[in-house]
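Student:
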């Protein structure tokens, strides 16, 4: 039982550390999008151009 | 990049591509339906105008009339007489206009588009319902699963980008009542769960996990708190299953309940922000209802997930420090380390966006690109991941005593918060 609990505690810690990494990626992706928008590489016409 | 890292990422590619394809297809559907809905409304106006005047305008005159009206409105807007910036008029294509005048009837596809959006079958519904249907009927191969799981947090860049839509006064206007709601409902739920838990003579660990999970932010809070309260693994998985089950039920029913109760978009946003526990499900339900609803729900969600470190601190104090003191031992709590470890970092991105907008970095076009267009792209991929990960087998894991507590806490919270937000009204929760 103790072994099972310890393994599961480790798993919980891993999940939280994965969430932290995920958040860093979120910030990177958001920053890239903002830079592309501010530099005019993506414009109002970019999104509609993706569809028929 | 090392070979292991490359192989590690490779496993995500099929699922990510699947979510991108599904996301694009749903956006294409949404784009077409919105176009048809606009055409439908314009056709209605033209037919009404013709019925009133009995003489249909030639296409050139119809086009010129719209252009002239738009110019007039722009002039009034520039003079400050008109408060809202006029939208560019939607003008029918020449062939459609001609066939409308000839037939005197609105084409079926325009009626269809309008009906679909009336039933709220937007890209959000298509992705969630479609994803769930695929997962639980034909299923998805195991090789696709890791990528679909990874797709879910792609919603978060959308949440960050939406920050460019607000200035600090907007955030504070909704944030202050949101803070009160969140505090009242967190503590209300925690107290309720503790009372029910003690009456049912449940394990302290299970009570702790369910209190954090149903009170604050679903699975994230349950994961953060579980090791501290030393919940048993089986109880923990019951708790997660229960939280997911209620989130899924709320996601699919709340938009229709909101419509039935006549909730405005900001009120609905406040309701889902307070009562749906999972960020992805909350954002999906709010987007389903409308953009204003999303603007309000987003602020409430940011306030709420910001509470995760506080709940963890409370749990450490309650389950470790206080217990040790009662046993005559001394346990220290590293408050700063807990805050650093458990704080959801993406919130900082949202605050940076609000600040940049406050300083006038973003034009209206930027806001539109980030907060309406690219937000949809990120949300579509994320919602595909959410839909494809709603497995009935996982929801069946909801069980045991966690289910009883979850049933009471989630129902109580949803009903009470609906009453409170309806009483407070639209003005309190309207962002702009």
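Protein chains in written order, with the numbering used here: chain W, 54 to 105; chain E, 23 to 454.
Glycine included, every Cβ here is placed at the ideal spot set by N, Cα and C.
(1) I need the straight-line Cα distance from residue 457 of chain E to residue 76 of chain W, nearest angstrom please.
(2) For residue 375 of chain E, which of E/179, E/274 and E/302 has the nearest alpha-carbon?
(3) Just verifying my parser: in three-state terms, what is the DSSP assignment at residue 225 of chain E?
(4) Could you check which residue in E/44, E/181, E/169 and E/82 has the C-alpha nearest to that of residue 370 of chain E?
(5) For the region 28–42 of chain E, enumerate the residues whose C-beta is nearer than 8 Å to any C-beta of chain W, in chain order.
(6) Answer yes or no: does any C-beta atom of chain W fall closer than 8 Å to that of residue 128 of chain E?
(7) Below 7 Å on C-beta distance, what does residue 313 of chain E contact in chain W?
(8) In chain order, what residues of the same chain have a beta carbon less than 8 Å from the beta carbon of residue 12 of chain E, not counting five sequence neighbours either side?
(9) Is residue 95 of chain W close to chain E? Criterion is C-beta to C-beta, closer than 8 Å.
(10) Using DSSP with H/G/I as helix, E/B as strand and the rest coil, what is residue 352 of chain E?
(11) Please confirm if residue 86 of chain W has its CB atom under 8 Å from at least one CB of chain E.
(12) Assuming contact is defined by CB atoms lying nearer than 8 Å, are residue 204 of chain E and residue 334 of chain E in contact in what I supplied?
(13) What do you get for residue 117 of chain E, buried or exposed, if any count of 16 or more other CB atoms within 10 angstroms of its CB means buried?
(14) Give the DSSP-derived three-state secondary structure of residue 260 of chain E in the structure shown.
(15) Taking the alpha-carbon of residue 410 of chain E as reference, which of E/143, E/185 and E/172 has the nearest alpha-carbon?
(16) Could you run through the region 178–190 of chain E and flag, in chain order, every residue whose CB is less than 8 Å away from some CB of chain W?
(17) Strictly under 8 Å for the Cβ-Cβ distance: is residue 83 of chain W near chain E by that measure?
(18) If you check the beta carbons only, do residue 380 of chain E and residue 189 of chain E fall under 8 Å apart?
(19) Indicate the three-state DSSP secondary structure (helix, strand or coil) for residue 23 of chain E in the structure shown.
(20) Reducing DSSP to helix, strand and coil, say where residue 64 of chain E ends up.
(21) Return the CA-CA distance between residue 260 of chain E and residue 121 of chain E, expressed in angstroms with no decimal places.
(22) Return the chain-ordered ranges of every alpha helix (DSSP H) run that is complete within the region 93–167 of chain E and spans a minimum of 4 residues.
(23) How far does the alpha helix (DSSP H) with residue 379 of chain E in it extend, from its first residue to its last?
(24) Taking 8 Å as the CB-CB cut-off, is residue 392 of chain E touching chain W?
(25) Determine, using beta-carbon pairs with one atom in the region 85–92 of chain W and one in the region 389–409 of chain E, whether at least three such pairs fall under 8 Å.
(26) Keeping to the same chain, check which residues put their C-beta closer than 7 Å to that of residue 207 of chain E; ignore five residues upstream and five downstream.
Tutor: Concretely, from the data shown:
(1) Residue 457 of chain E is absent from the model: chain E starts at 23 and stops at 454.
(2) Selected option, being the one with the closest Cα: E/179.
(3) Coil at residue 225 of chain E, not helix or strand.
(4) Of the candidates E/44, E/181, E/169 and E/82, the one whose C-alpha sits nearest the C-alpha of residue 370 of chain E is E/181.
(5) Of all residues in the region 28–42 of chain E, none has a Cβ within less than 8 Å of some Cβ in chain W.
(6) Cβ-Cβ to chain W under 8 Å: no for residue 128 of chain E.
(7) Result: empty, since nearest Cβ-Cβ is about 15 Å, beyond 7 Å.
(8) Since the first residue of chain E shown is 23 and the last is 454, residue 12 of chain E is not available in this structure.
(9) Residue-level contact by beta carbon holds for residue 95 of chain W and chain E, with a gap shorter than 8 Å.
(10) Coil at residue 352 of chain E, not helix or strand.
(11) Chain E, which has a Cβ nearer than 8 Å to the Cβ of residue 86 of chain W, makes this yes.
(12) The Cβ atoms of residue 204 of chain E and residue 334 of chain E lie no closer than 8 Å to each other.
(13) Looking at its Cβ environment, which holds fewer than 16 other Cβ atoms inside 10 Å, residue 117 of chain E is exposed.
(14) It is helical.
(15) Ranked by Cα distance from residue 410 of chain E, the first of E/143, E/185 and E/172 is E/172.
(16) Legend: CB atoms of the region 178–190 of chain E lying less than 8 Å from CB atoms of chain W belong to residues 178, 179, 182, 183 and 186.
(17) Closer than 8 Å to some Cβ of chain E, the Cβ of residue 83 of chain W qualifies, so yes.
(18) Their beta carbons are under 8 Å apart, which means residue 380 of chain E touches residue 189 of chain E by this criterion.
(19) Below a pLDDT of 50, predicted positions are generally treated as unreliable, and residue 23 of chain E, at 47, falls in that range; the measurement from the model is reported next regardless. Under the three-state reduction of DSSP output, residue 23 of chain E falls in the coil class, being neither helix nor strand.
(20) Annotated three-state conformation of residue 64 of chain E is helix, per DSSP.
(21) Their backbone Cα atoms lie some 60 Å apart in a straight line.
(22) Counting whole runs of 4 or more residues, the region 93–167 of chain E contains the alpha helix (DSSP H) stretches 116–125, 130–140 and 145–158.
(23) Where residue 379 of chain E is concerned, the enclosing alpha helix (DSSP H) stretches over 368–380.
(24) By this cut-off, residue 392 of chain E is an interface position.
(25) Here the region 85–92 of chain W lies against the region 389–409 of chain E, with 3 or more beta-carbon pairs under 8 Å apart.
(26) Taken in chain order, the residues that qualify are 296, 435 and 439.
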